[in-house]
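**Q** I'd like to ask some things about the structure below.
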Amino acid sequence: MKKAQGFFQSDLDETKTEDFVIFCRNGRKNVLVRKRKMPLEDLLLSMLIRKGLSLTMELRGYMNETHPGMNISKPGYLKQRMKLNPEALNYLYHFHNRQFYADTDPETAPFTYNGYLVFSADGSSINIPTTPENLEIYGTPCVSQTRKQAQLGLGCIYDVLNHVIVESDIGPYKFNEGKTAERQADRLRETIGSTYKYMLLMDRGYPSSPMFMRFIDKGIYFVARLNSAIYKAEQEAMKSDDEDVEIVLTRGRRRAKHVGTDNKDIMNSRDSFKLRLVRVWLDKDHYEILATNLPREEFPAECFKEIYHLRWSIETSYETLKCKLQLENFTGTKTVLIEQDIYSSIYVYNLAENMAREAEIEQAKKLNTEYKHPMRINRNVCIGILKNDLIHAIMEPDKEEKDRLFHKLYDDISSCIVPVRPGRHYDRTTWKTKNKYPNNCKRGY
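In terms of this note's numbering, the sequence shown is residues 57 to 501.
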C-alpha cells in the first residue's frame with residue numbers, strides 16, 4: 057500500500073469514529089443521526105470530489121457513481137450540508153497532515169533544508185458570493201455603494217519543500233496577517249510534532265518588533281524581508297552583508313501603533329533586542345535586507361538568497377487553489393457552505409500533493425537519467441485524476457481490487473510528467489485578455 061493511500065484510508069476510518077461524528081454535529085445531538093440518502097460519509101465524499109458544476113449535475117454524477125438508481129433533491133442535500141460543522145473539514149486535513157509529518161521512513165519522510173522544515177506565511181483575498189450576510193461578516197474592499205464584491209481573507213502557513221498547507225484561518229477580508237501568522241505558528245507543533253526544527257519565511261508586510269521578540273522568546277526561527285522604512289537607521293549603518301544588530305526600542309518605536317494594544321507589554325519588557333540582518337544581492341545594483349534569528353554556524357549568508365526564494369511556492373499554491381481547484385466556485389452563498397468548500401479544497405490539495413510527491417520520489421532515478429531537464433508531475437492533471445477517479449477506488453468493496461485501482465491512480469499520475477526548464481521568464485500580462493479560455497489555463501476536470 058502506498059503511503060498517501062494509507063493516509064487517506066486512515067482519514068476515512070477517522071470519519072467513522074464516534075468522536076468525529078460528534079464533532080461534526082457541532083453540539084447538536086439530533087443531527088446527522090439517521091442513515092438518510094446522504095449520510096455523513098457521503099456528505100464528506102461529495103465535497104471532496106466536487107467539480108464545480110451546477111448542483112443538479114454534481115448530485116446526479118455523485119449518486120450515479122455511489123448509489124445507482126437513487127437520487128437526492130438539491131434542498132435535501134443543502135439541508136444536510138447546513139447541519140455539518142465546517143470545522144470538521146479543517147480537523148480532517150490536520151489529521152491527514154499529522155500522519156504525513158509522523159512518517160519516519162527515510163525514503164518518504166518530509167523534505168528539510170539543512171535539517172529544518174521550511175514554512176512560509178501569506179494571506180490572500182477570496183471572492184465569495186455577495187449577499188448582505190457575507191458583506192456584514194467578511195466585508196468588501198469596494199468603496200462604491202452601487203457595486204460591491206464580498207471578500208474573505210484566507211491566511212495560511214505552507215510547507216514550501218513538501219507542498220503542504222499546514223495551517224489556515226478564515227476571516228474578514230481585511231485582517232492582520234502578522235497576528236494570524238503568530239497564532240498559526242503557535243499551533244504548528246500540534247501538527248508536525250517535536251521531531252523537526254523549522255523556520256518561517258515572511259514577506260515585507262509581516263515584520264514588527266513585537267512579533268520578532270515573541271518569536272525569539274518562543275524559540276521560533278524566522279526569515280523576514282524588511283522594507284526600507286523599518287529599522288532604517290540599522291539598515292543604513294550596516295558595514296557588511298551579515299551583521300548582528302542591536303534593535304533599540306526608542307520612545308518613538310514604543311509609541312508607534314502599540315499603545316492600547318496587546319503589544320504594549322512586550323514593547324515595555326526590554327530596552328532592546330538582537331536581530332541578524334543579512335543583505336542579499338539580487339544583482340550588482342539591487343539588494344534586499346532579511347531579518348532572521350537563524351544561527352550563523354548552520355546558515356551562512358550565502359544561503360539566504362536560496363532560502364528566501366523558496367517562499368514563492370506559497371504564491372503558486374494560492375494559484376492552484378483558485379484556478380485548478382476552483383476555490384472561488386462555491387456550492388452556495390451561506391457562510392457554512394463557503395467554509396466547508398474552502399477546507400475541503402485544502403484537503404484535496406494536500407492529498408494531491410502527497411500523491412504527486414510520492415510518485416516523484418519513486419521515479420526520481422528514472423527521471424534524472426532519461427531526460428534532459430528535471431521533471432515534475434503535472435499538478436493540474438493530478439488533481440483532475442483524483443477528482444474523476446478517486447471515487448471508484450473509495451467505493452470498491454474488494455480490498456485487492458481497491459489496491460489495484462489506487463495503484464492505477466498512481467500509475468496515471470506518474471505518467472503525467474512535464475519538464476522544468478531553467479531560466480524561463482515571460483512578461484506579466486497586465487491587461488485583461490479577451491479570450492475567456494486561454495490555452496495555458498485549461499482545467500483538469
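Even for Gly, the Cβ is constructed at its ideal location relative to N, Cα and C.
#1: Along the beta strand (DSSP E) that carries ARG92, what are the first and last residues, could you check?
#2: Assign ARG352 to one of three DSSP states: helix, strand, or coil.
#3: Within 10 angstroms of its Cβ, does SER265 collect 16 or more other Cβ (buried), or is it exposed?
#4: Does DSSP classify PHE504 as helix, strand or coil?
#5: Which class does ARG281 belong to by DSSP, given the choice of helix, strand or coil?
#6: Which class does PHE386 belong to by DSSP, given the choice of helix, strand or coil?
#7: Since LEU461 contacts HIS152 with CB under 8 Å, what's their CB separation in whole angstroms?
#8: Just curious, the alpha helix (DSSP H) that SER66 is in, first and last residue?
#9: Using the rule of at least 16 other Cβ atoms within 10 Å of the residue's Cβ for burial, across every protein chain shown, is GLU223 buried or exposed?
#10: Restricting to runs no shorter than 3 residues, where is the beta strand (DSSP E) found entirely within the segment 159 to 194?
#11: When DSSP builds the beta bridges, which residues end up paired with MET138?
#12: Give me the Cα-Cα distance between ILE398 and SER176, rounded to the nearest whole angstrom.
#13: Return the chain-ordered list of same chain residues with a C-beta closer than 7 Å to the C-beta of ARG84, the five sequence neighbours on each side being excluded.
#14: For the beta strand (DSSP E) containing ASP459, list its first residue and its last residue.
#15: So, is ARG435 buried or exposed, given that buried needs 16 or more other C-beta atoms within 10 angstroms?
#16: Cα separation between ASP178 and THR251?
#17: Quick test of your reading: MET255 and GLY234, contact by CB under 8 Å. State the CB separation rounded to the nearest angstrom.
#18: Whole-angstrom Cβ separation of VAL220 and GLU375, contact assumed at under 8 Å?
#19: Can you tell me whether ASP215 is buried or exposed, with buried defined as 16 or more other CB within 10 angstroms of its CB?
#20: Just grab the DSSP bridge partners of CYS212 for me.
#21: Throw me the rounded Cβ distance for the LEU101 and ILE447 pair, which I believe falls under 8 Å.
#22: State the DSSP-derived secondary structure class of LEU244, mapped to helix, strand or coil.
#23: When the distance is taken between beta carbons, is CYS472 closer than 8 Å to ILE433?
#24: Going straight from the alpha carbon of ASN495 to that of PRO478, what length do you get?
#25: Quick one: is THR247 buried, meaning 16 or more other Cβ sit within 10 Å of its Cβ, or exposed?
**A** Looking at the atomic coordinates:
#1: Looking up residue 92 in the sequence shown gives position 36. Counting along the chain, ARG92 sits inside no beta strand (DSSP E), nor does DSSP assign it H or E at all.
#2: Along the sequence shown, read from residue 1 onward, the residue named residue 352 stands at position 296. Residue state for ARG352 is assigned as coil, using DSSP reduced to three classes.
#3: Residue numbering aside, residue 265 sits at position 209 when the sequence shown is read from its first letter. Within a 10 Å sphere around the beta-carbon of SER265 sit 16 or more other beta-carbons, which makes this residue buried.
#4: Because the chain in this structure spans residues 57 to 501, residue 504 falls outside the shown range and cannot be described.
#5: Locating residue 281 in the sequence shown gives position 225, counting from the first residue. Strand at ARG281.
#6: Locating residue 386 in the sequence shown gives position 330, where the first residue counts as 1. In this structure, DSSP gives PHE386 a state outside helix and strand, which the three-state scheme calls coil.
#7: Taking the sequence shown and counting its residues from 1, the one referred to as residue 461 is at position 405. Taking the sequence shown and counting its residues from 1, the one referred to as residue 152 is at position 96. Contact between LEU461 and HIS152 does not hold, since the beta-carbon distance rounds to 20 Å and is not under 8 Å.
#8: In the sequence shown, residue 66 corresponds to position 10, counting from 1. Element bounds for SER66: 59 to 70.
#9: Here the question's residue 223 lines up with position 167 in the sequence shown. The residue in question, GLU223, is buried, as its Cβ has 16 or more Cβ neighbours within 10 Å.
#10: Complete beta strand (DSSP E) runs here, min 3: 172 to 183.
#11: By one-based count along the sequence shown, residue 138 stands at place 82. Bridge partners of MET138: none, in fact.
#12: Taking the first residue of the sequence shown as position 1, residue 398 is located at position 342. Taking the first residue of the sequence shown as position 1, residue 176 is located at position 120. If you draw a straight line from the Cα of ILE398 to the Cα of SER176, it comes to about 19 Å.
#13: Position 28 of the sequence shown, counted from the first residue, corresponds to residue 84. Hits under 7 Å: none found.
#14: Here residue 459 corresponds to residue number 403 of the sequence shown, with the count starting at 1. Segment 455 to 470 is the alpha helix (DSSP H) holding ASP459; no beta strand (DSSP E) there.
#15: Start at 1 with the first residue of the sequence shown, and residue 435 comes out as number 379. Burial call: buried.
#16: To locate residue 178, count along the sequence shown from 1; it is residue 122. To locate residue 251, count along the sequence shown from 1; it is residue 195. Distance from the CA of ASP178 to the CA of THR251, rounded to the nearest whole angstrom, comes to 24 Å.
#17: Taking the first residue of the sequence shown as 1, we reach residue 255 at position 199. Taking the first residue of the sequence shown as 1, we reach residue 234 at position 178. No, MET255 and GLY234 are not in contact; Cβ-Cβ is about 17 Å, not under 8 Å.
#18: As a first step, residue 220 is located in the sequence shown; it is residue number 164 there, counting from the start. As a first step, residue 375 is located in the sequence shown; it is residue number 319 there, counting from the start. Here VAL220 is actually not in contact with GLU375; their C-beta atoms are around 16 Å apart, not less than 8 Å.
#19: In the sequence shown, the residue the question calls residue 215 occupies position 159. Answer is buried; the Cβ neighbour count reaches 16.
#20: Here residue 212 refers to the residue found at position 156 when the sequence shown is read from its first residue. DSSP lists ASP178, SER224 as the bridge partner or partners of CYS212.
#21: As a working mapping, residue 101 is identified with position 45 in the sequence shown. As a working mapping, residue 447 is identified with position 391 in the sequence shown. Between LEU101 and ILE447, the beta carbon gap of about 7 Å places them in contact (Cβ cut-off 8 Å).
#22: By one-based count along the sequence shown, residue 244 stands at place 188. In this structure, LEU244 counts as helix in the three-state DSSP scheme.
#23: The residue labelled residue 433 in the question sits at position 377 within the sequence shown. The residue labelled residue 472 in the question sits at position 416 within the sequence shown. Judged by their CB atoms, ILE433 and CYS472 are nearer to each other than the 8 Å cut-off.
#24: Counting from one through the sequence shown, the residue named residue 495 turns up at place 439. Counting from one through the sequence shown, the residue named residue 478 turns up at place 422. When rounded, the distance between both Cα atoms is 22 Å.
#25: Locating residue 247 in the sequence shown gives position 191, where the first residue counts as 1. Buried, by the Cβ-count rule.
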